[in-house]
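The opening position of the first sequence corresponds to residue 272 in my numbering, with each subsequent residue numbered one higher.
Working notes, beginning with the structure itself.
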Amino acid sequence: MSKLQAPRGTRDLYPKDCAWRNFLLDAWRRVSIRNGFEEVDGPIFEHLDLYKVKSGDGIVSELFHFEDRGGRELAIRPEFTPTLARMVAAKANALPRPIKWFCVPNLCRAERPQRGRLREFWQWNADIMGLEGATADAECIFTVVDLMQELGLEPGHVRMKISHRTTVKDILLKLGVAEDKLLSAFDLLDRRDKMEPEAFTQAAAKLGMEPDRVERFEQMCRCKYPCGELDQLREQTGIQNLADLEQLDAQLQAFGIADWCEYDLGIVRGLAYYTGTVFEVHEASGALRAMAGGGRYDQLVELFGGPSMPAVGFGMGDVVLSEVLIDKGLMPDDVSPCPDVFIVAASDTGATQVGPIASKLRWKGIHARYSYKTTRNVGKLLKEAATARSRFALILGDDATNGKAELKNMETGDQQVIALADLEKLVTGA
RNA sequence: GUGACCAUAGCUCAGUUGGUUAGAGCACCUGGUUGUGGUCCAGGGGGUCGGGGGUUCGAAUCCCCUUGGUCACCCCA
């Protein structure tokens, strides 16, 4: 039995589960497309080396890798970004700018599963490449907000937390952190919640901060600043010119999503990777891990052998998103496709017409089902139609061979005798 | 990868200090005899108690290993 179980951290998607998965993927695609992104995809496995480019050798233990019969080291994709960068780098000069691509790959990571994290999952990625400036950053953030809105989430449910590398850098410098200790300071910022207060203070002091500045540092990284109100941040940091963050702030307001967003200088994300704006979406209470994360990473394409090209993008996984939607009561009970018509044979004569009518309907693109039971008990058959969540039930009696039958609207209960010639029209409402 | 807790039917769970053929609800299937549905009633299938080994006259129950789940650490690209 154990050998026949699904591997750790994977999911079997039964019809209802698969419908839920598609419900999310469909929303991702719908939102991507209306925000002007084009769908791409790449191989489900790549050369292992591709993943070392961005993340170093340490990444190897966290992904599934294998050797093929020719001795090539390969790995199942743990993320899509390297593939994306490779694809862009390969045709950089032929692609019209800006490049706006999205993808909804399934990814595998060899990590221990826990709440919100599995070994195989689906992740929505969208990136804008070849465009500098806060507009592109804001457009990515808008796209994420658009998705949340599409799924019924509200600003009270989730928070878009935003920070900016250059702004935080300026703040750290002003607090007395030396230029060569900046990375360590970012690291400390990232880990602050997992540290004892004394350890935090000690570590901060080591970076060159005076005791009073350590306190200000801690205050700043715990405080949240509303989007559209940067004065608070100016006051607290004593920095008048917040540079890039101001431009981003203006764009977020222009996109009309300020009420979803707040600045949280504790948002750090991948250290060596992001170069400007960084953001994460969290469930409002902060109980779960991030639902989505992204930011600007202007060196990425170059890193993969392409030309220098600015880029901003994000990823959103299906696991935490599902948890939040279920938690908020926003996951529909059943999103499986409903039949348009369920055909019921109420007599032996009617039964002879089930096949011919079903096939005609199906050829017209109508979702038609019928029962495989032999019973003529209409009650039982209607129950089956109801269980299948069919919109209509077509009841075929002895008149079926004369071109007549009864059509029942399963929602309203209305039932009328119809000419089978009118069936398609009645069912499609055309 | 490290640690802690957990594992009985498809799902949610009972199961006395180790003691006869391991139970319930929901779900599923079949009937309620000749045409009206998400309620009824009756019946049925389904578990070698995650798997393997050990202790014992006897193990769902105790011990070890293993697989999976949950949580934290690592990591979070």
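Ideal Cβ placement from N, Cα and C applies to all residues, glycine included.
query: Outcome for residue 630 when other beta-carbon atoms lying within 10 angstroms are tallied against a minimum of 16; result: exposed
query: Reduced DSSP category for residue 508 - H, G, I as helix; E, B as strand; rest coil; result: helix
query: Contiguous beta strand (DSSP E) assignments of at least 3 residues, all confined to the region 471-536; result: 495-497, 532-535
query: Distance between residue 512 and residue 437 (C-alpha atoms, nearest Å); result: 11 angstroms
query: CB of residue 457 within 8 angstroms of CB of residue 475, strictly; result: no
query: Same chain only: Cβ atoms within 7 angstroms of residue 664, ignoring 5 sequence neighbours per side; result: 613, 615, 653, 656, 679, 681
query: Same chain, Cβ closer than 6 angstroms to residue 668, five either side skipped, listed in chain order; result: 617, 618, 621
query: Alpha carbon of residue 367 to alpha carbon of residue 360, nearest angstrom; result: 13 angstroms
query: Where the beta strand (DSSP E) through residue 398 begins and ends; result: 391-400
query: Assigned secondary structure, residue 691 (DSSP; H/G/I helix, E/B strand, else coil); result: helix
query: Residue 644 - DSSP class collapsed to helix/strand/coil; result: coil
query: Candidates 676, 342, 445, of which the one nearest residue 507 by Cα; result: 445
query: Boundaries of the beta strand (DSSP E) in which residue 679 is found, first to last residue; result: 675-680
query: Per-residue DSSP class, three states only, for residue 434; result: strand
query: Residue 567 to residue 287 span [Cα, whole Å]; result: 37 angstroms
query: Exposure of residue 623, with buried meaning 16 or more beta-carbon neighbours within 10 Å; result: exposed
query: Rounded Cβ spacing between residue 569 and residue 582 (contact assumed at less than 8 angstroms); result: 6 angstroms
query: Identified DSSP bridge partners for residue 460; result: For residue 460, which the question treats as bridged, DSSP gives no partner whatsoever.
query: Residue 696 classed as buried or exposed, judged by whether at least 16 other C-beta atoms fall within 10 angstroms; result: exposed
query: Residue 537 vs residue 460 beta-carbon contact at 8 angstroms; result: yes
query: Residues bridged to residue 385 (per DSSP); result: 388
query: Residue 658 to residue 641 span [Cα, whole Å]; result: 12 angstroms
query: Three-way DSSP call (helix, strand, coil) for residue 450 in this model; result: helix
query: Close-in-space but distant-in-sequence residues of the same chain around residue 315 (CB under 8 angstroms, 5 per side omitted); result: 347, 348, 376, 377
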